[in-house]
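Here the protein sequences line up with chains E and U, keeping their order.
Here the working numbering = 1-based position in the first sequence + 223.
Here the working numbering = 1-based position in the second sequence + 203.
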Amino acid sequence: MSEIPTDLLYTEDHEYLKSAAEDGVYFVGITDYAQGELGDIVFVELPKVGESFGRKDTFGTVEAVKAVSDLYLPVAGEIVAVNNALADDPAVVNSDPYGDGWMVQIRATSPADLDELLGPEEYGRHVDDG
Amino acid sequence: MIWRCIVDAPRDGAANMALDHALFERVQAGDPPVLRLYRWDPPCLSFGRNQVARNVYDPATCADLGVDIVRRPTGGLAVFHHRELTYAVLAPVAGIGRPREAYASINRALAAGLARLGAAVAIARPGIARARPIRAARHPCFMEAAPGEVVLGNRKLAGSAMRFEKRTILQHGSILLDGDQSEIAAFETGPRDITDRSTRLPASAPAAISLNEAIGRIPGWSELYDAVLAGFADVFGITFSHQQSTAGECRRAHDLEARYRSGAWTWRR
Chain E
224 MSEIPTDLLY TEDHEYLKSA AEDGVYFVGI TDYAQGELGD IVFVELPKVG
274 ESFGRKDTFG TVEAVKAVSD LYLPVAGEIV AVNNALADDP AVVNSDPYGD
324 GWMVQIRATS PADLDELLGP EEYGRHVDDG
Chain U
204 MIWRCIVDAP RDGAANMALD HALFERVQAG DPPVLRLYRW DPPCLSFGRN
254 QVARNVYDPA TCADLGVDIV RRPTGGLAVF HHRELTYAVL APVAGIGRPR
304 EAYASINRAL AAGLARLGAA VAIARPGIAR ARPIRAARHP CFMEAAPGEV
354 VLGNRKLAGS AMRFEKRTIL QHGSILLDGD QSEIAAFETG PRDITDRSTR
404 LPASAPAAIS LNEAIGRIPG WSELYDAVLA GFADVFGITF SHQQSTAGEC
454 RRAHDLEARY RSGAWTWRR
């Protein structure tokens, strides 16, 4: 059974949004369900600080042994931090997806986008539906 | 369900990757799934999308040896495409399952097809190999079997790589007909004496096995195609509509070739 923290928001593509200390800034990563589905992660390709993306834009890729998958930004925003530790230890995305396995921090530029995300119960039903 | 089956004439690396990419876009847009069977001319060294290739593989050496180079859109490591049958599956997750499930099913289909040719293949179990970091650049695809891949004993007969995008799978791979991929060492930077492995990963018994070694012959193309198609039909419960790529797909592939020929893409890492 995959972990779905109750204080996060989620997308149908299995990314999460988690509030950072600063208002309007959020951590983005992939969910416990996603890391389990992908398997051992061997590489994470991330954007540069300062780049901006629209909601659902591809902001990077994650590779698990053989499969390369796109990462889609849950809400429009500007990248304000990138988790450079993943370059040396991509497996932390598997072991701690909601903590040290965060991928980028974004400053959301369209607060209304948050209304389009899934709450934990809704995401849980989405996972159960396969 | 009916899949399209496209059996292609041999193409060079960029043209093959561009056509896989163009078909991927069509299936993402809702077209039926595709099984494409193809070959390479000239022989080609391909890298995985995120593999470190700069200063690992030598383009001048490859050019001297008449070997083409291309970076795939999929993951994984280096493969030398020469005496092989290449397959590509383009299908939505709704039909084929999510990445790990699809990977397992496709490899079972390949195994079923190869068994029809008399190869005593199995599926590699977890624990046979561990995930290796992309930094291990001199560790080609066929040096080790990942769980779920088609093996004979502990040697890999078919190697595959995947891209998952917009809820659609592109998985393509190589069924070795002859050889053991040892030629890849000659394409690396550094000493060209391929017997000098002092600066490379330890030499060992070949980890790859070809169909020729497995069954003592190389089947003709028709027999190969029929066996692979039968394997997919058995495992997925599908039938095939035999077609060529459409004019629109060929035009899109032609446009995409520029990316796959570019130095910026090929040598991005």
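Even glycine gets a Cβ: it sits at the ideal position worked out from N, Cα and C.
| query | Listed in chain order, which residues of the stretch 304 to 316 of chain E have Cβ atoms closer than 7 Å to some Cβ of chain U? | reply | none
Please classify U:S413 as buried or exposed, where buried requires at least 16 neighbouring CB atoms within 10 angstroms.
Walking along the second sequence from the start, residue 413 of chain U turns up at place 210. Answer is buried; the Cβ neighbour count reaches 16.
| said: Suppose the cutoff is 6 Å on Cβ atoms and the five residues either side in sequence are ignored; what does the same chain contact list for U:D399 look like? | reply: As a position in the second sequence, residue 399 of chain U is number 196, starting the count at 1. Confidence in U:D399 is poor, its pLDDT being 45 and thus under 50, which makes the residue's placement unreliable; the coordinate value appears in the next sentence. Correct list: empty, nothing qualifies.
_I need the DSSP call for E:D336, collapsed to helix, strand or coil._
Counting from 1 along the first sequence, the entry for residue 336 of chain E is found at position 113. Looking at E:D336 - three-state DSSP - the assignment turns out to be helix.
| Would E:S292 be called buried (16 or more neighbouring beta carbons within 10 Å of its own) or exposed? | In the first sequence, residue 292 of chain E corresponds to position 69, counting from 1. By the 10 Å Cβ count, E:S292 comes out buried.
Identify which residue in U:L226, U:C208 and U:G321 has its Cα closest to the Cα of U:L238.
Your numbering for residue 238 of chain U matches position 35 in the second sequence. It is U:C208 whose Cα lies nearest to the Cα of U:L238.
- [ ] Report yes if the CB atom of E:R278 is closer than 7 Å to the CB atom of E:V303, and no otherwise.
- [x] In the first sequence, the residue the question calls residue 278 of chain E occupies position 55. In the first sequence, the residue the question calls residue 303 of chain E occupies position 80. No, these two residues do not count as a Cβ contact at 7 Å.
Return helix, strand or coil for U:L473, following the three-state DSSP convention. Residue 473 of chain U falls outside the range modelled here, since chain U spans only 204 to 472, and no answer is possible.
Next on the checklist: Quick check: U:N310 and U:V353, are their CB atoms within less than 7 Å of each other?
Outcome noted: Within the second sequence, residue 310 of chain U is the residue found at index 107, counting from 1. Within the second sequence, residue 353 of chain U is the residue found at index 150, counting from 1. In this structure, U:V353 lies closer than 7 Å to U:N310 by Cβ.
**OP:** Kindly list, in the order they appear in chain E, the residues whose Cβ is closer than 7 Å to that of U:T371.
**Re:** Position 168 of the second sequence holds residue 371 of chain U. What U:T371 touches in chain E: nothing, since even the nearest Cβ is about 11 Å away.
From the DSSP output, in three-state form, read off U:T402 for me. For the purposes of this step, residue 402 of chain U is taken as residue 199 along the second sequence, with counting starting at 1. Caution is warranted here: a pLDDT of 39 is assigned to U:T402, below 50, making its placement in the model unreliable, and the coordinate value is therefore given only provisionally. Of the three classes helix, strand and coil, the one that applies to U:T402 here is coil, per DSSP.
| query | Under a three-way DSSP split, which group does U:I337 fall into? | reply | As a working mapping, residue 337 of chain U is identified with position 134 in the second sequence. Because U:I337 sits at a pLDDT of 48, beneath the cut-off of 50, its placement in the model cannot be relied upon, and the following sentence gives the value as read from the coordinates. Coil at U:I337, not helix or strand.
Collapsed DSSP secondary structure at U:G298 in the structure displayed: Locating residue 298 of chain U in the second sequence gives position 95, counting from the first residue. U:G298 falls in the helix class under three-state DSSP.
Where does U:A266 sit, in a helix, a strand or coil, going by DSSP? Residue 266 of chain U sits at position 63 when you count from the first residue of the second sequence. Looking at U:A266 - three-state DSSP - the assignment turns out to be helix.
Could you check whether the stretch 315 to 333 of chain E touches the stretch 268 to 286 of chain E, counting it as contact only if at least three pairs of C-beta atoms, one from each stretch, sit closer than 8 Å? yes
TODO: Can you tell me the Cβ-Cβ gap for E:V316 and E:I264, rounded? I've got them flagged as a contact below 8 Å.
DONE: Sequence index remark: in the first sequence, residue 316 of chain E carries index 93 (1-based). Sequence index remark: in the first sequence, residue 264 of chain E carries index 41 (1-based). Right, their Cβ atoms sit about 5 Å apart.
Checklist line | U:A332 versus U:A312 - alpha carbon distance | finding: As a first step, residue 332 of chain U is located in the second sequence; it is residue number 129 there, counting from the start. As a first step, residue 312 of chain U is located in the second sequence; it is residue number 109 there, counting from the start. Reliability fails at U:A332, whose pLDDT of 45 lies under 50, so the model's placement of it is uncertain and the value that follows must be treated cautiously. Going by the C-alpha atoms only, they are around 21 Å apart.
- Just checking my contact of E:T254 with E:P313 at CB under 8 Å: how many whole Å lie between their CB atoms? Sequence index remark: in the first sequence, residue 254 of chain E carries index 31 (1-based). Sequence index remark: in the first sequence, residue 313 of chain E carries index 90 (1-based). The pair is not a contact, with the Cβ atoms about 16 Å apart (cut-off 8 Å).
- Query: Considering only residues of the same chain and omitting the five flanking positions on each side of E:S318, which have a CB-CB separation below 8 Å?
  - Reply: Stepping through the first sequence from its first residue, residue 318 of chain E is reached at position 95. G324, listed in sequence order.
Under the three-state reduction of DSSP, which class applies to U:Q374: helix, strand or coil? Along the second sequence, read from residue 1 onward, the residue named residue 374 of chain U stands at position 171. DSSP places U:Q374 in strand when its eight states are reduced to three.
Problem - Coil, strand or helix - U:H457 by DSSP - result: Here residue 457 of chain U is taken as the residue at index 254 of the second sequence, counted from 1. Helix.
- Which class does U:H445 belong to by DSSP, given the choice of helix, strand or coil? What you label residue 445 of chain U is simply residue 242 of the second sequence in a count that begins at 1. Of the three classes helix, strand and coil, the one that applies to U:H445 here is strand, per DSSP.
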